[in-house]
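Protein chains in written order, with the UniProt record's numbering: chain A, 1 to 148; chain B, 1 to 148; chain C, 1 to 148; chain D, 1 to 148. C-beta atoms are modelled at their ideal positions from N, C-alpha and C, and glycine is treated no differently. Here the structure is a predicted model, which is why all the values come from computation and not from measurement.
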């Protein structure tokens with residue numbers, strides 16, 4: 001039922017708009033069921049998201065801004081286990097007025113284990129209110145957009 | 001912008017179909033931004049979900065079944081801080097063929113800090129495949145259903 | 001073998017020099033063995049330590065100082081389980097030149113589950129070096145000292 | 001003050017009795033102070049310990065045994081930061097009647113960030129009591145012993 005295979009993964013990460021972030025799973029990531037606890041997937045999504053923003057988004061934003069996470073949604077596709085690694089592919093799916101939506105796929109042991117979406121809002125450090133994405137930032141980010 | 005106030009919360013938890021689960025926030029729940037890390041909200045959702053299932057769902061299910069989480073979605077409404085508590089209201093929103101969808105609202109310091117949805121699938125311990133919710137279970141759970 | 005019983009606990013917490021901090025255990029605190037993961041005990045110790053410092057130590061320290069943890073040692077006495085609570089008793093055992101040593105006992109389900117020791121160093125925010133505990137602070141803290 | 005340098009580290013890990021375990025730090029590992037929370041060091045110690053036992057100890061033990069952790073002690077030597085990695089060196093320091101003591105050094109960003117000791121007890125799965133280390137196991141483990 002999990003139709004996304006290694007070929008699909010290779011095609012996905014060959015796309016330069018997609019950033020891959022690697023995590024090493026920890027014994028402590030497992031729960032009572034002997035598999036990765038669902039909260040760890042949130043942590044892996046965050047690893048990918050922070051990595052993506054640091055490398056591809058923040059350099060194009062004014063210094064007096066920061067991000068808050070407004071929404072996360074994760075679809076669990078398969079169990080993941082320690083010992084092992086997780087590879088998280090992250091890309092930009094949508095640019096709103098002050099927000100950005102990223103999509104993510106997480107692979108572990110050559111299997112798709114989760115798909116996720118995250119919405120972040122650019123905030124003004126002074127007013128603590130949403131900060132409209134400037135035109136120059138938008139121009140720099142638009143080439144990174146990729147359909148789900 | 002956060003229109004859900006203490007009156008709405010009191011009305012919500014007065015509904016017997018809604019279960020409230022209490023958590024105490026920990027210093028370690030905070031991240032570099034000095035507020036609760038987003039992954040902690042997943043943990044709070046899980047606290048509420050596990051509590052709800054243990055008390056209201058599992059007693060109506062055959063013994064050879066268990067739950068897996070298929071999807072979580074969290075909308076962040078406000079920051080939450082240590083020291084403090086979190087109260088998570090959980091209720092059943094939808095019964096599928098083998099799945100249940102719960103909705104949740106999390107309050108901290110008298111403020112709505114997150115809304116969440118979780119989809120769980122009943123699994124057969126032997127076949128490790130989805131297990132159709134039996135009629136008797138369905139009859140026991142239907143009175144618990146509550147619209148979003 | 002675990003000789004510390006409820007009577008000993010009651011006597012301990014009747015001592016005003018001892019601060020009790022309450023935590024609610026979370027499903028996510030358990031690991032693959034179906035009991036609290038050892039790292040959670042560190043988190044419980046930190047809950048107690050931060051609570052103790054916030055209430056009893058920091059008010060007596062100059063504003064330009066902060067604490068770093070220099071050492072923790074935990075002896076595990078019994079397993080702890082979800083659902084349940086943990087009560088952490090914390091007291092001051094020793095005052096050094098720039099450091100404080102606290103001792104802790106953690107109870108869960110009316111059983112001693114861990115004993116711990118933590119050494120914290122007072123630091124100067126400006127120089128980022130150890131800050132000698134001032135005489136006035138020492139005078140305020142000495143009455144709180146309690147032998148292991 | 002932190003006298004253990006890269007040369008010492010290289011010499012340490014050149015010793016075949018020492019096992020190095022790698023972890024990738026996560027954004028979520030940081031706390032309010034912008035550095036790795038102390039509980040994460042416990043998780044890193046566990047990563048190293050579990051890795052060591054899985055590879056070097058468990059293969060020499062009867063199948064009806066398991067380990068429990070009886071004690072951990074961690075001395076914090078320097079702050080560690082995200083993004084980055086942690087390398088944990090683990091070796092066997094002492095064999096007791098039913099227990100093993102390991103020592104660990106954790107490096108991050110080419111700096112010694114922590115030293116740790118962990119005591120594990122071999123348990124009998126049936127009786128849930130300490131299981132004396134068999135002579136054959138002892139003979140296999142003794143060559144791995146290394147002074148602190």
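For a contact meaning CB atoms closer than 9 Å, what does residue 84/C contact in chain A?
Here the question's residue 84/C lines up with position 84 in the third chain. Simply none; closest approach about 14 Å.
Between residue 118/A and residue 7/D, what straight-line distance do the alpha-carbon atoms span, to the nearest angstrom?
Position 118 of the first chain holds residue 118/A. Position 7 of the fourth chain holds residue 7/D. Roughly 44 Å between the two C-alpha positions.
Using 10 angstroms around the beta-carbon of residue 107/A, count the other beta-carbons present and answer buried if the total reaches 16, otherwise exposed.
Here residue 107/A corresponds to residue number 107 of the first chain, with the count starting at 1. With 16 or more Cβ atoms within 10 Å of its Cβ, residue 107/A is classed as buried.
Between which residues of its own chain and residue 78/C is the CB-CB distance below 7 Å, once the five residues before and five after are set aside?
Position 78 of the third chain, counted from the first residue, corresponds to residue 78/C. Result list for residue 78/C: 2, 111, 112 and 113, in chain order.
So which residues of chain A does residue 75/B contact, with C-beta pairs closer than 8 Å?
Residue numbering aside, residue 75/B sits at position 75 when the second chain is read from its first letter. Correct list: 70 and 71.
Does the beta carbon of residue 37/D come closer than 9 Å to any beta carbon on chain C?
Translated into positions along the fourth chain, residue 37/D becomes position 37. Residue 37/D counts as touching chain C.
Kindly indicate which three-state DSSP category residue 43/A falls into: helix, strand or coil?
On the first chain, position 43 is the one that residue 43/A refers to. Per DSSP, reduced to three states, the secondary structure at residue 43/A is helical.
Measuring straight from C-alpha to C-alpha, what distance separates residue 72/C and residue 5/A?
Stepping through the third chain from its first residue, residue 72/C is reached at position 72. Stepping through the first chain from its first residue, residue 5/A is reached at position 5. Put simply, the backbone Cα of residue 72/C is about 45 Å away from that of residue 5/A.
Helix or strand or just coil, what does DSSP make of residue 129/A?
Locating residue 129/A in the first chain gives position 129, where the first residue counts as 1. The three-state reading of DSSP puts residue 129/A in coil, since its state is none of H, G, I, E or B.
Going along chain C, which residues have a C-beta under 7 Å from residue 47/B?
As a working mapping, residue 47/B is identified with position 47 in the second chain. By Cβ distance, chain C contributes 26 and 27.
Less than 9 Å between CB atoms is the rule here; does residue 23/D satisfy it with respect to chain B?
Residue 23/D sits at position 23 when you count from the first residue of the fourth chain. No, residue 23/D lies away from the interface with chain B (no Cβ there is under 9 Å from its Cβ).
Let me check one thing: in DSSP terms, what residues is residue 123/D bridge-paired to?
Along the fourth chain, read from residue 1 onward, the residue named residue 123/D stands at position 123. Checking the DSSP bridge columns, you'll see residue 123/D partnered with 66/D and 130/D.
Counted within 10 angstroms of its Cβ, other Cβ atoms place residue 142/C as buried (16 or more) or exposed:
Counted from its first residue, the third chain places residue 142/C at position 142. Flag for residue 142/C reads exposed.
For a quick check, are the C-beta atoms of residue 88/C and residue 61/C less than 9 Å apart?
Taking the third chain and counting its residues from 1, the one referred to as residue 88/C is at position 88. Taking the third chain and counting its residues from 1, the one referred to as residue 61/C is at position 61. Not in contact: residue 88/C and residue 61/C (Cβ atoms no closer than 9 Å).
Rounded to the nearest angstrom, what separates residue 55/B and residue 76/B at their Cα positions?
Your numbering for residue 55/B matches position 55 in the second chain. Your numbering for residue 76/B matches position 76 in the second chain. Near 27 Å, if we compare the C-alpha coordinates of residue 76/B and residue 55/B.
By a C-beta neighbour count over all protein chains shown, 10 Å radius and 16 as the cutoff for buried, is residue 147/C buried or exposed?
By one-based count along the third chain, residue 147/C stands at place 147. Residue 147/C should be labelled exposed.
Thinking C-alpha only, which one of 28/C, 47/C and 63/C is nearest residue 125/C?
Locating residue 125/C in the third chain gives position 125, counting from the first residue. It is 63/C.
So, is residue 129/D buried or exposed, given that buried needs 16 or more other C-beta atoms within 10 angstroms?
Numbered from 1 along the fourth chain, position 129 holds the residue referred to as residue 129/D. Classification for residue 129/D: exposed.
Classify residue 34/B as helix, strand or coil using the three-state DSSP reduction.
The residue you call residue 34/B lines up with position 34 of the second chain. It is coil, neither helix nor strand.
May I ask you to report which of helix, strand or coil DSSP gives residue 1/A?
Residue mapping note: residue 1/A aligns to position 1 of the first chain, counting from 1. Confidence in residue 1/A is poor, its pLDDT being 49 and thus under 50, which makes the residue's placement too unreliable to answer from.
Contact set between the region 40-64 of chain C and chain B, restricted to residues whose Cβ is under 7 Å from the partner:
Listed in chain order, the positions of the region 40-64 of chain C with a beta carbon within less than 7 Å of a beta carbon of chain B are 43, 46, 47 and 50.
Determine the direct distance from the alpha carbon of residue 11/D to that of residue 25/B, and round the result to whole angstroms.
Walking along the second chain from the start, residue 25/B turns up at place 25. Walking along the fourth chain from the start, residue 11/D turns up at place 11. So the two alpha carbons sit approximately 43 Å from each other.
So which residues on chain B does residue 30/D lean against when the C-beta distance must stay under 7 Å?
Translated into the one-based positions of the fourth chain, residue 30/D becomes position 30. In chain order: 31 and 32.
Proximity winner among 18/B, 127/B and 28/B, relative to residue 84/B (alpha-carbon distances):
On the second chain, residue 84/B is found 84 positions in, with the first residue counted as 1. For residue 84/B, the closest alpha carbon among the candidates 18/B, 127/B and 28/B is that of 28/B.
Just the C-alpha distance for residue 82/D and residue 115/B, rounded to the nearest angstrom, thanks.
Within the fourth chain, residue 82/D is the residue found at index 82, counting from 1. Within the second chain, residue 115/B is the residue found at index 115, counting from 1. Taking the straight line joining both Cα atoms gives about 29 Å.
Would you mind reading off the limits of the alpha helix (DSSP H) that contains residue 160/B?
No information on residue 160/B is available, as it lies outside the stretch 1 to 148 that chain B covers here.
Measuring CB to CB, does residue 21/A end up less than 9 Å from residue 47/A?
Within the first chain, the letter at position 21 stands for residue 21/A. Within the first chain, the letter at position 47 stands for residue 47/A. Their beta carbons are under 9 Å apart, which means residue 21/A touches residue 47/A by this criterion.
Between residue 91/B and residue 41/B, what straight-line distance do the alpha-carbon atoms span, to the nearest angstrom?
Residue 91/B sits at position 91 when you count from the first residue of the second chain. Residue 41/B sits at position 41 when you count from the first residue of the second chain. Using only the alpha carbons, I get a separation of about 17 Å.
Cutting at 6 Å between CB atoms, please list the residues of its own chain near residue 17/D, excluding the five before and the five after it.
Residue 17/D sits at position 17 when you count from the first residue of the fourth chain. Hits under 6 Å: 91, 144 and 146.
Would a C-beta distance cut-off of 9 Å place residue 102/D and residue 49/D closer than the cut-off?
Taking the fourth chain and counting its residues from 1, the one referred to as residue 102/D is at position 102. Taking the fourth chain and counting its residues from 1, the one referred to as residue 49/D is at position 49. For residue 102/D and residue 49/D, yes; Cβs fall inside 9 Å.
Tell me which residues share the same chain as residue 99/A and place their Cβ nearer than 6 Å to its Cβ, disregarding the 5 neighbours each side in the sequence.
Position 99 of the first chain, counting from 1, holds the residue named residue 99/A. If we look at residue 99/A and ignore the five residues flanking it on each side, its Cβ neighbours are 119 and 121.
Grab the span of the beta strand (DSSP E) containing residue 19/B for me, first residue to last.
As a first step, residue 19/B is located in the second chain; it is residue number 19 there, counting from the start. Residues 19-24.
So what's residue 118/D in DSSP terms, helix, strand or just coil?
Within the fourth chain, numbered from 1, the residue matching residue 118/D stands at position 118. Strand, per DSSP.
For residue 66/D, I'd like the list of residues in its chain whose CB is within less than 7 Å of its CB, leaving aside the five on either flank, ordered along the chain.
On the fourth chain, position 66 is the one that residue 66/D refers to. Excluding positions up to five away in sequence, the list reads 123 and 125.
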